[in-house]
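To convert, count from 1 in the sequence shown and add 830; that's the numbering used here. Even for Gly, the Cβ is constructed at its ideal location relative to N, Cα and C. Since the structure is predicted, the reported quantities are computational estimates derived from the model, not experimental observations.
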Amino acid sequence: MDQAVLRKAPYFDFDLLREQTVSLVREHAGQDTQLRGALVEFLKPLVEGAHASAKAQLEDDGDGRACAAGLSAFQDELIRFAYEFTTTHVYRAENPSTAERMAVVAQGGYGRGLLAPGSDIDLLFLLPYKQTAWGESVAEYMLYLLWDLGFKVGHAARTISQCVRLSMADMTIRAALLDSRRILGDEKLFAEYLHRFRREVLDVDARAFVEAKLAEQYTRHYRAGGSRYLVEPNIKEGTGGLRDLHTLHWLAKHIYPDQAEEEFVEAGVFTPGEYSSFRRCEFFLWTVRCHLHFLTGRAEERLSFDLQRAMAERLGYRDHGGLSGVERFMKHYFMIALEVGQLTRIVCTALELKQLKSVPSLNALFAPFNWRRRAKLRRTSDFRIENGRISTVAKDAFSTDPVNFIRLFVVCDESQAALSPEVLRQIRANFRFIDEDLRQNPAANRLFMKLLTTARDPEAVLRKMTEAGVLSRFIPEFGRVVSMMQFNMYHHYTVNEHLVRTVGYLAAIERGQYTAEHPLASEIIKAIDNRRALYVAALLHDMAKGRGEDHSIAGARIAWELCPRLGLTASETETVSWLIEHHLTMSLFAQSRDLNDPKTIKDFAEIVQSRERLKLLLALTVCDICAVGPGTWTGWKGQLLRTLYFETEPILGGGHAELTRSERLSRAQHALRERLSDWPEEDLNRFIDRHYPAYWLRTDLDVIAEHARLTRDAEQRDSAIVTHISTDAFRGVTQLTLLAPNHPWLLAMVAGACTGAGANIADAQISTTRDGMALDTIHLEREFDHAEDEERRARKIAASIESMLMGETTVVDVIKSKAIGTSRLSAFSVEPQVIIDNTLSDALTVIEINGLDRPGLLYEVTREISNLNLDIASAHIATFGEKAVDVFYVTDLTGKKITNSSREALIRERLTRVLRETQDPELELS
831 MDQAVLRKAP YFDFDLLREQ TVSLVREHAG QDTQLRGALV EFLKPLVEGA HASAKAQLED
891 DGDGRACAAG LSAFQDELIR FAYEFTTTHV YRAENPSTAE RMAVVAQGGY GRGLLAPGSD
951 IDLLFLLPYK QTAWGESVAE YMLYLLWDLG FKVGHAARTI SQCVRLSMAD MTIRAALLDS
1011 RRILGDEKLF AEYLHRFRRE VLDVDARAFV EAKLAEQYTR HYRAGGSRYL VEPNIKEGTG
1071 GLRDLHTLHW LAKHIYPDQA EEEFVEAGVF TPGEYSSFRR CEFFLWTVRC HLHFLTGRAE
1131 ERLSFDLQRA MAERLGYRDH GGLSGVERFM KHYFMIALEV GQLTRIVCTA LELKQLKSVP
1191 SLNALFAPFN WRRRAKLRRT SDFRIENGRI STVAKDAFST DPVNFIRLFV VCDESQAALS
1251 PEVLRQIRAN FRFIDEDLRQ NPAANRLFMK LLTTARDPEA VLRKMTEAGV LSRFIPEFGR
1311 VVSMMQFNMY HHYTVNEHLV RTVGYLAAIE RGQYTAEHPL ASEIIKAIDN RRALYVAALL
1371 HDMAKGRGED HSIAGARIAW ELCPRLGLTA SETETVSWLI EHHLTMSLFA QSRDLNDPKT
1431 IKDFAEIVQS RERLKLLLAL TVCDICAVGP GTWTGWKGQL LRTLYFETEP ILGGGHAELT
1491 RSERLSRAQH ALRERLSDWP EEDLNRFIDR HYPAYWLRTD LDVIAEHARL TRDAEQRDSA
1551 IVTHISTDAF RGVTQLTLLA PNHPWLLAMV AGACTGAGAN IADAQISTTR DGMALDTIHL
1611 EREFDHAEDE ERRARKIAAS IESMLMGETT VVDVIKSKAI GTSRLSAFSV EPQVIIDNTL
1671 SDALTVIEIN GLDRPGLLYE VTREISNLNL DIASAHIATF GEKAVDVFYV TDLTGKKITN
1731 SSREALIRER LTRVLRETQD PELELS
């Protein structure tokens, strides 16, 4: 180990320690268990001091690798002391025979001389072929001593033959043994082990190990989410993390077992630049890992949201350039992860091809295809395919014709072949030729548009271009968002990954892969005229994030500059710019506005203006939501978007003229009479007479018919409170319809009951009848796969509401019954905002609240609205990660809009206070 590292290492004076423990031995002579206990108490302060010293060093110099090396050096000294103490004072070998020999060996990361604060200590007790009970006793005593000191020790006691046999059968054991390092003990025994391990394992079975480790890496990446851009990454096991660097090390070490890491350049594993990159990435990841372990006090490997801000502060990242400190830290992290990915792709493939000299059997790791069945490669003078991988014919292919930077990926897509390590190295060496001349080159832009709009798999090819470093240089605006994360719980990926996935969803919908999930988008995409504009908008729509201004407006401006360069016409450019400016509009209207209010549809139609734009915006909105991350798309969101589309489309097509209010009311009542034509006239008239005009103007016919049946059921049962439950797997909601005596806090009670049941409200339609009853339709986000589970949960909610209405329980009791964790939410802050708007509806005032979500928030807001003597006509509930965005359509108690400025100010003040309040133990529900 480097002497500079040893000088800084937090290890103790071994000779002094030995003298200090003599009195312990005398005091507990013949009492081995008590002696070990006394020794543990004596050593604990030393262990704590060593870790405190390592932490102080890390905070002083920011060198995580030196910290890990120092902790490893300390551990070596402690184990040497434990061995000498055990063999001197507990299990002394007076006349050691050949059987009473042992070598204590460090394995795995500890074997490499690096140990994170919370890492396991991986030990091998290497024993001779002939053994006595002495070796087992010594190992056991040492292990108990280390365990009692609080260390997690992975251990094995094996002979040399056992090590060889197990490493042939288990590649994980072999990888650990690759980094074997003798801490103490019999040198000859360890030398014999090294000789046999290399001769009988490493020199015999390299191919199986390389294949196994690459397959293991592929599986590990898949388990971790398949992307190096997950916004809560695992710094050890995740894509682009330390384990990927370990894999490079293992593959190289297996093929060059006598070479130290710094000698891998001379051996041809790395170029000098790649080795510098390897060490830079390793330094950063070790620094983050050591800080993370010290910060949490445990072996935490996941950079979760609640830790990222503290990590950024520890590492000195500050707000700058439109990004917060934590976003700048995470961008740096993802840039490192991208660099690790580039190294992995180049070096692993080079080792696989150069050393094994066989066709790769793990193409899925680098290009999921069977190269033997690839399409015929379009012949060019600059590229060839060998062993299923694309190479250049000449080393100057990129410098003499920079268009080859784009042409390469056309060949890659058409042939479905992977990129060779040589061509990836050539790309990195020639980045300077991706300049403004290439960006303005018509041929290069035509080829790029071909990739974007007609590639077999545009998502895959764009991701390859990103990870090769080409796309961020060819489109610098894209380069600005590579590895950029948004510090919130809504977005699962970095911005660049989200954009690539958006294009991927668009291509998949066009290929007909999502007809069941997205029937409308799958249908209308066949009939759009501006296909190229749609693909470009999908790629560019979030490209202006992180600029300190509205990214939709800034993105539209970028489109005006970029699209002509890409070869789009003026009309296509205008369409792309409009789509980017309004890419959030359809989602906003669908999720936050009352789609039963004609004003909503009219306002949306005025923005869209044409059926073609409506189709384009629907397709882009669907793909944008899906690409946010798993679970973001729900059937309910799909239903809202389809409703908005179908309500708007006739207006844009001139399908019907504007109807008067009385005509619309009459038409709705006539439609109900036709739907329930088998009902007695008296029953129909009684139901119709119960409702105010607003009910008929805002409520869908299917819902009205269900309300009519529920009302008649209540009359026949002579019940004041009745509920009806229905589930809809496609829409992803469970519908709870409630008929009950009107109560000013009814929606608040519903919200409380849902919180108690762990259910999220997606939408609520509230109606009050002329005879003092409330008729509410609540849509709950679906949680369970089976309808009976959903119905059981909805019945529990209904029972809670009925119990509250009858005074048998309180909302406080119901909410307290559900303990909901908020640790992840505590990492975020959302500035409370209350917006009151009288222009969004002709008859109702719209109140929008934005704030940090928390358990019971919806109850508190609806309770406050009720306390303000407001009637809620409909509520539209949306949560974007940690941010709650709830919209309420309200009137005063006389059914009028709120137009008085002082009244508006009071509403804003009271609701803002609710949003700012932190949750106390009593949930502030009294």
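Exposed unless 16 or more other CB atoms sit within 10 angstroms - verdict on residue i
i	result
S1250	buried
S1302	buried
R1743	exposed
A898	buried
V852	exposed
I1707	buried
F911	buried
P1510	exposed
H1616	exposed
D952	buried
L1723	exposed
Close beta carbons around residue i, own chain, < 7 angstroms, minus the five adjacent residues each side
i	result
D1543	V1552
R1128	G948
E1062	R1132, L1133, S1134 and F1135
Q850	none
A1351	I1339, L1448, A1449 and V1452
N1275	R1395, L1396 and G1397
L1605	H1537, L1569, S1597 and T1599
L1292	L1301, V1330 and V1333
H1123	A946, P947, G948, A1129 and E1130
Extent of the continuous beta strand (DSSP E) to which residue i belongs
i	result
R1219	R1219 to T1222
D1212	Per DSSP, D1212 belongs to no beta strand (DSSP E) and is neither H nor E.
D1701	L1700 to F1710
M998	Taken as a continuous stretch (DSSP letters only), M998 belongs to no beta strand (DSSP E), being part of the alpha helix (DSSP H) at I990 to A999.
G1681	T1675 to L1682
Continuous alpha helix (DSSP H) stretch holding residue i: start and end
i	result
V1366	R1361 to L1370
H1573	Unbroken run through H1573: none, as it is neither H nor E.
N1668	No alpha helix (DSSP H) contains N1668, which DSSP labels as neither H nor E.
Q864	D862 to D891
N1697	L1687 to N1697
M1603	Premise fails: M1603 lies in the beta strand (DSSP E), M1603 to E1611, not in any alpha helix (DSSP H).
S1302	L1301 to F1304
S1382	H1381 to L1396
I1631	A1617 to L1635
D1722	No alpha helix (DSSP H) contains D1722, which is instead part of the beta strand (DSSP E) from K1713 to D1722.
Reference residue i; option with closest CA among the options
i	options	result
L1670	T1709, E1216, K1727 and E1618	K1727
Q1469	L1448, D1722 and E1632	L1448
I1608	H1573, T1564 and P1574	T1564
D1530	L888, G943 and R1494	R1494
E1411	Y1086, C1178, A936 and R1387	R1387
R1520	K1225, T1721, V968 and T1541	T1541
T962	Y940, L1610, H1371 and R988	R988
V1040	D1016, M998 and L1024	M998
L1081	A1227, Y1048, G900 and C1178	C1178
E1391	V1664, S1407, L1032 and I1455	S1407
E907	E1297, A896 and V877	V877
The ligand NAD heavy atom lying under 7 angstroms from the CB of residue i
i	result
A880	Within the structure as shown, the ligand NAD is missing, as the structure has no ligands at all.
Cβ-based neighbour list, residue i, same chain, cut-off 6 angstroms, excluding 5 preceding and 5 following
i	result
S1188	Legend: pLDDT at S1188 = 43, less than 50; position of this residue unreliable, value from coordinates given subsequently. Within the same chain, S1188 has no close Cβ partners at all.
V1312	S1302 and N1326
M1634	M1579
L1576	A1604
Sequence-distant residues of the same chain with beta carbon closer than 8 angstroms to residue i, five excluded per side
i	result
T1709	N1590, D1683 and V1715
R1286	D1243, E1244 and Q1246
H1321	V1061, M1315, H1328, V1458, G1459 and G1711
For this session: Could you tell me whether the segment 1691-1706 touches the segment 1586-1597, using the rule of 3 or more Cβ pairs below 8 angstroms?
Result: yes
Problem set entry | the segment 1704-1714 contacting the segment 1683-1690, beta-carbon criterion three pairs below 8 angstroms | yes
Exercise. Taking contact to mean at least 3 C-beta pairs separated by less than 8 angstroms, is the segment 1658-1669 in contact with the segment 1691-1698?
Worked result: no
Exercise. Touch check for the segment 1147-1157 and the segment 976-993: three-plus C-beta pairs under 8 angstroms?
Worked result: no
Problem set entry | Stretch pair the segment 1095-1109 + the segment 865-884: three plus CB contacts closer than 8 angstroms | no
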